[in-house]
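J.: Numbering (the numbering used here), first residue to last: 1 to 102.
Don't be surprised by glycine CBs; every beta carbon is placed ideally from N, CA and C.
Quantities reported herein were computed from a predicted structural model and do not represent experimental measurements.
Below you'll find the structure I mean.
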Amino acid sequence: MMKVENAMSKELIVGYVPGTIREALKILAKHNVSGMPILKKDTKKVVGVLTRSDIFKNPDEEQIALIMSTDPYTVMKDEDLSAAAKLFYEHRIHGLPVIDKR
C-alpha cells in the first residue's frame with residue numbers, strides 16, 4: 001500500500017488569513033500554481049482553499065477569507081494513496097491539502 005505522504009509534494013505553498021488577494025496572487029504567480037491551501041495565521045490549521053477561479057469570480061474583493069472555499073476536502077498523510085485519488089476524481093479537484101491530524 002502506497003501512502004499519501006510518499007506521493008505528496010513536500011514544498012508547501014500556502015496562503016494565510018487574515019490576508020489579501022494581492023498577497024495571494026503574488027504567491028500563486030511566484031510558484032506558478034492555480035490554487036493553494038489557506039491556513040489560519042500563526043497556526044497550521046487548514047481553513048480553506050483559494051484558487052485563481054475564486055479570485056476571478058470576485059475581482060473587487062480584497063480579503064482572502066471572503067472568497068476562499070471553506071471546509072476543503074483534505075486527506076491524512078498516512079492514508080492509502082487510492083483514498084486521495086478517489087477524492088480527486090469524485091470531486092473534480094486539482095489539489096488536496098494533506099494533514100496529519102483532523
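Measuring alpha carbon to alpha carbon, tell me which of Glu79, Asp78, Ile13 ends up nearest Leu28.
T.: The residue given as residue 28 occupies position 28 in the sequence shown. It is Ile13.
J.: Whose C-beta lies closer than 6 Å to the C-beta of Ser82 among residues of the same chain, with five residues either side of it excluded?
T.: For the purposes of this step, residue 82 is taken as residue 82 along the sequence shown, with counting starting at 1. So the list is empty, once near-sequence residues are dropped.
J.: Terminal residues of the continuous beta strand (DSSP E) containing Lys40?
T.: Along the sequence shown, one-based indexing puts residue 40 at 40. Segment 35-40, the beta strand (DSSP E) holding Lys40.
J.: Which of helix, strand or coil does DSSP assign to Ser69?
T.: Here residue 69 corresponds to residue number 69 of the sequence shown, with the count starting at 1. If DSSP states are grouped into helix, strand and coil, Ser69 belongs with the strands.
J.: Bridge partners for Asp54 per DSSP, in chain order?
T.: For the purposes of this step, residue 54 is taken as residue 54 along the sequence shown, with counting starting at 1. Looking at the DSSP assignment, Asp54 forms no beta bridge with any residue, so it has no partner.
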